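For reference, the structure is listed below as structure tokens.
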Amino acid sequence: MTNIVSCIVANLVVMRQGHPKHRRLAVPLRHDTLSRYDRRGFGHLPHVIDVMATMGLVVKHAAHIKKRRTGIEATGELLEALPGATAEEVGRAEGEESIWLFARTGRNAIGKKLPFELVDYVDTEETQRLRREMQEINTFLANQQLELQGQRQAAFRLTRHFLLRNATDPHTFHLHGRLYGGFWESMPKALRADLRINGEPIADLDFASMFPRLAYARVGAEPPEGDLYAIPGLEEHRAGVKAGFAAMLSSSNEMTRLPGDVKKKLPVGWTGRKLAEAIGAKHPALVPLFGKDIALDLMFTESCILVAVLLRLARIGIAALPMHDGIMVAAGHCKMAKANMGHLAQASAGAPIPVVTK
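Adding 1280 to a residue's 1-based position in the sequence shown gives its number in my numbering.
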């Protein structure tokens, strides 16, 4: 019971520190069967929350987020006590699963997000190796000092997410593979200047045009010179081109209409077909990959490069915070980090991928 109460309070503290505008903690209270993703010993969570509500410490709100999460809001003496606690006092409990496997539960469609479900897989030598890698990365980063605007940040644990295209597919770990769980991943770019790693300001390092370069490596072709997202007529709309490029690689169909998030980043009058033709004209070697749902494969290669970079840097004492297609390191380690990123990307992708400082 004590562990459950501590967990609830710790999450409320972290939410208050990191997301001060939010007051409710979303908590899943319905569990049919335990899986590898569930915390052992938390079966009494609904009862403990009811007791805390009766004592006037929390308020329960009706389930939301697809009716699967009950809203928990601090009140009374607990609410008064929260400002006195800091995020750096919060730790992570042991035993959290770091290798997550999801499966699509619907068909792919341009402009629509697919629902996913967790898959309760059986461990193999491969999953044990993947978990050891994440354990090494997390253990090293846990001993580094991360501060934002002078405040030490709460403990975190990175997890690696893999995906199955269909729920009936064999349980494999060769798609997606990106890392999640770092507070910096959702941080506005403007705040990154206020981030410190072991007292140093950060250097934000990025693989330049990584997705199209990985696609070129896959077809064994040489990419053109310059910015791969520079499309005639869309020079001022690079974000829209980048999003459209990703959509074309993610879809299993020809892109005839623009996804909503892409459309609002492009000029009026641009259609899915027009964008596809413009990108195809710029990258004819990649046309065979468009509409083939290849993005998950490219993400996997990308994630393997990132994991290799994190491990290499950790083993030489350099803390790196992953950002899918880049990392953040202390500014003093910028040169060494860039050299390792370039070397490991070449080794994994079989083609050079330039590294730039944002």
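For glycine and all other residues, C-beta sits at the position ideal for the given N, C-alpha and C.
Since we're looking at a predicted model, the values are computed, not measured.
* To do: Go through its chain and collect everything with a Cβ distance to Leu1362's Cβ below 7 Å, but skip five positions before and after it.
  => As a working mapping, residue 1362 is identified with position 82 in the sequence shown. Hits under 7 Å: Leu1292, Val1293, Arg1296, Ala1354.
* Three CB pairs or more closer than 8 Å across the region 1527-1543 and the region 1557-1576 -> yes
* Between the Cα of Gly1513 and the Cα atoms of Val1636, Pro1547, Asp1486, which residue gives the shortest distance? -> Residue numbering aside, residue 1513 sits at position 233 when the sequence shown is read from its first letter. When the alpha-carbon of Gly1513 is set against those of Val1636, Pro1547, Asp1486, the nearest one is in Pro1547.
* Does DSSP put Trp1380 in a helix, in a strand, or in coil? -> Taking the sequence shown and counting its residues from 1, the one referred to as residue 1380 is at position 100. Correct three-state label for Trp1380: strand.
* When burial is assigned at 16 or more other CB atoms within 10 Å of the CB, is Gln1433 buried or exposed? -> Counted from its first residue, the sequence shown places residue 1433 at position 153. Flag for Gln1433 reads buried.
* CA-CA distance, Gly1391 and Ala1510? -> Locating residue 1391 in the sequence shown gives position 111, where the first residue counts as 1. Locating residue 1510 in the sequence shown gives position 230, where the first residue counts as 1. For Gly1391, the predicted structure reports a pLDDT of 41, less than 50, and the residue's modelled location is therefore unreliable. The matter cannot be settled from this model.
* Asked: Given that a residue counts as buried once 16 or more other Cβ atoms are within 10 Å of its Cβ, and exposed if not, what is Gly1606?
  -> Reading the sequence shown from its first residue, position 326 is the one you call residue 1606. The residue in question, Gly1606, is buried, as its Cβ has 16 or more Cβ neighbours within 10 Å.
* To do: Just tell me which of Leu1421, Ile1585, Gly1430 has its CA closest to the CA of Met1621.
  => Within the sequence shown, the letter at position 341 stands for residue 1621. Of Leu1421, Ile1585, Gly1430, the residue nearest in Cα terms is Ile1585.
* Taking buried to mean at least 16 other C-beta atoms within 10 Å of its own C-beta, is Val1635 buried or exposed? -> Here residue 1635 is taken as the residue at index 355 of the sequence shown, counted from 1. Under this definition Val1635 is a buried residue.
* Asked: Any idea if Asn1283 is buried or exposed, counting beta-carbon neighbours within 10 angstroms, 16 or more meaning buried?
  -> Here residue 1283 corresponds to residue number 3 of the sequence shown, with the count starting at 1. Per the 10 Å Cβ criterion, exposed.
* Beta-carbon separation of Gly1356 and His1341 under 8 Å? -> Taking the first residue of the sequence shown as position 1, residue 1356 is located at position 76. Taking the first residue of the sequence shown as position 1, residue 1341 is located at position 61. Result no, Cβ atoms of Gly1356 and His1341 do not sit closer than 8 Å.
* Asked: So, helix, strand or coil for Leu1337, using DSSP?
  -> Along the sequence shown, one-based indexing puts residue 1337 at 57. In this structure, DSSP gives Leu1337 a state outside helix and strand, which the three-state scheme calls coil.
* Asked: Does the separation of the CB atoms of Leu1508 and Arg1518 fall below 8 Å?
  -> What you label residue 1508 is simply residue 228 of the sequence shown in a count that begins at 1. What you label residue 1518 is simply residue 238 of the sequence shown in a count that begins at 1. Going by C-beta atoms, Leu1508 is not nearer than 8 Å to Arg1518.
* To do: Quick one: residues in its chain with C-beta nearer than 6 Å to the C-beta of Gly1524, no 5 flanking neighbours on either side, listed in chain order?
  => Along the sequence shown, one-based indexing puts residue 1524 at 244. Counting only Cβ-Cβ distances below 6 Å, and skipping sequence neighbours, we find Val1542, Leu1555.
* Asked: Among Gly1323, Val1499, His1324, Ala1383, which one has its Cα closest to the Cα of Gly1630?
  -> For the purposes of this step, residue 1630 is taken as residue 350 along the sequence shown, with counting starting at 1. Checked all of Gly1323, Val1499, His1324, Ala1383; the closest Cα to Gly1630 is Val1499.
* Asked: Where does Ala1483 land, buried or exposed, given buried means 16+ other C-beta within 10 angstroms?
  -> Start at 1 with the first residue of the sequence shown, and residue 1483 comes out as number 203. With 16 or more other Cβ atoms within 10 Å, it is buried.
* **Anticipated Cβ contact below 8 Å, Leu1591 with Glu1416, distance rounded** => Numbered from its first residue, the sequence shown carries residue 1591 at position 311. Numbered from its first residue, the sequence shown carries residue 1416 at position 136. Right, their Cβ atoms sit about 6 Å apart.
* Asked: Do you know how far the Cα of Val1521 is from the Cα of Lys1545?
  -> As a working mapping, residue 1545 is identified with position 265 in the sequence shown. As a working mapping, residue 1521 is identified with position 241 in the sequence shown. Rounded to whole angstroms, Lys1545 to Val1521 spans 8 Å at the Cα level.
* To do: Confirm, please, whether the CB-CB distance from Met1616 to His1456 is below 8 Å.
  => Locating residue 1456 in the sequence shown gives position 176, counting from the first residue. Locating residue 1616 in the sequence shown gives position 336, counting from the first residue. In this structure, Met1616 does not lie closer than 8 Å to His1456 by Cβ.
* Distance between Glu1557 and Val1370 (C-alpha atoms, nearest Å) -> Taking the first residue of the sequence shown as position 1, residue 1370 is located at position 90. Taking the first residue of the sequence shown as position 1, residue 1557 is located at position 277. If you take the alpha carbons of Val1370 and Glu1557, they lie about 52 Å apart.
* From the DSSP output, which residues share a beta bridge with Val1636? -> Locating residue 1636 in the sequence shown gives position 356, counting from the first residue. Paired residue(s): Asp1486.
* Go to Thr1536, then tell me how far its alpha helix (DSSP H) extends in each direction, as first and last residue. => In the sequence shown, the residue the question calls residue 1536 occupies position 256. It is not in any alpha helix (DSSP H) - Thr1536 carries neither H nor E in the DSSP assignment.
* Determine the extent of the beta strand (DSSP E) in which Met1608 is found, giving its start and end residues. => Here residue 1608 refers to the residue found at position 328 of the sequence shown. 1606-1610 is the extent of the beta strand (DSSP E) around Met1608.
* Asked: Considering only residues of the region 1380-1456, which uninterrupted alpha helix (DSSP H) runs meet the minimum length of 4 residues and lie entirely inside it, listed in chain order?
  -> Fully enclosed alpha helix (DSSP H) runs of 4 or longer: 1405-1422.
* Given 8 Å as the limit, is there contact between the region 1320-1328 and the region 1457-1467, that is, 3 or more CB pairs closer than that? -> no
* Asked: Quick one: is the Cβ of Arg1440 within less than 7 Å of any heavy atom of the ligand NAP?
  -> The ligand NAP is absent from the structure shown, which contains no ligands of any kind.
* **Ala1600 burial status per 10 Å Cβ neighbour count (16 or more: buried)** => Position 320 of the sequence shown holds residue 1600. So Ala1600 counts as buried.
* Residue range of the alpha helix (DSSP H) that Leu1578 falls in? -> Residue 1578 sits at position 298 when you count from the first residue of the sequence shown. Unbroken alpha helix (DSSP H) run through Leu1578: 1575-1595.
* **Inter-residue spacing [alpha-carbon to alpha-carbon] between Leu1337 and Pro1308** => Start at 1 with the first residue of the sequence shown, and residue 1337 comes out as number 57. Start at 1 with the first residue of the sequence shown, and residue 1308 comes out as number 28. Cα-Cα distance, rounded: 19 Å.
* By the 10 Å Cβ neighbour count, where 16 or more other Cβ atoms means buried, how is Gly1540 classified, buried or exposed? -> On the sequence shown, residue 1540 is found 260 positions in, with the first residue counted as 1. Gly1540 comes out exposed.
* **Of the residues Phe1442, Ile1559, Leu1538, the one placed nearest Gly1552, counting alpha carbons only** => Here the question's residue 1552 lines up with position 272 in the sequence shown. The option with the nearest alpha carbon to Gly1552 is Leu1538.
* Asked: Given Leu1358, which residues of its chain have a CB within under 6 Å of its CB, disregarding the five upstream and five downstream residues?
  -> For this step, residue 1358 is matched to residue 78 along the sequence shown. Cβ within range, chain order: Leu1337.
* How many angstroms separate the CA atom of Asp1330 from the CA atom of Ile1288? -> Translated into the one-based positions of the sequence shown, residue 1330 becomes position 50. Translated into the one-based positions of the sequence shown, residue 1288 becomes position 8. Approximately 12 Å, taken between the alpha carbons.
* Leu1421 to Gln1408 span [Cα, whole Å] -> Numbered from its first residue, the sequence shown carries residue 1421 at position 141. Numbered from its first residue, the sequence shown carries residue 1408 at position 128. Spanning the two alpha carbons is a distance of roughly 20 Å.
* **Cut-off 6 Å between Cβ atoms - residues of its own chain near Gly1430, not counting five sequence neighbours on either side** => Here residue 1430 is taken as the residue at index 150 of the sequence shown, counted from 1. Excluding sequence neighbours, Gly1430 sits near nothing in its chain.
* Does the Cβ-Cβ distance between Glu1427 and Ala1611 come in under 8 Å? -> To locate residue 1427, count along the sequence shown from 1; it is residue 147. To locate residue 1611, count along the sequence shown from 1; it is residue 331. Against a cut-off of 8 Å, the Cβ pair of Ala1611 and Glu1427 comes out as no contact.
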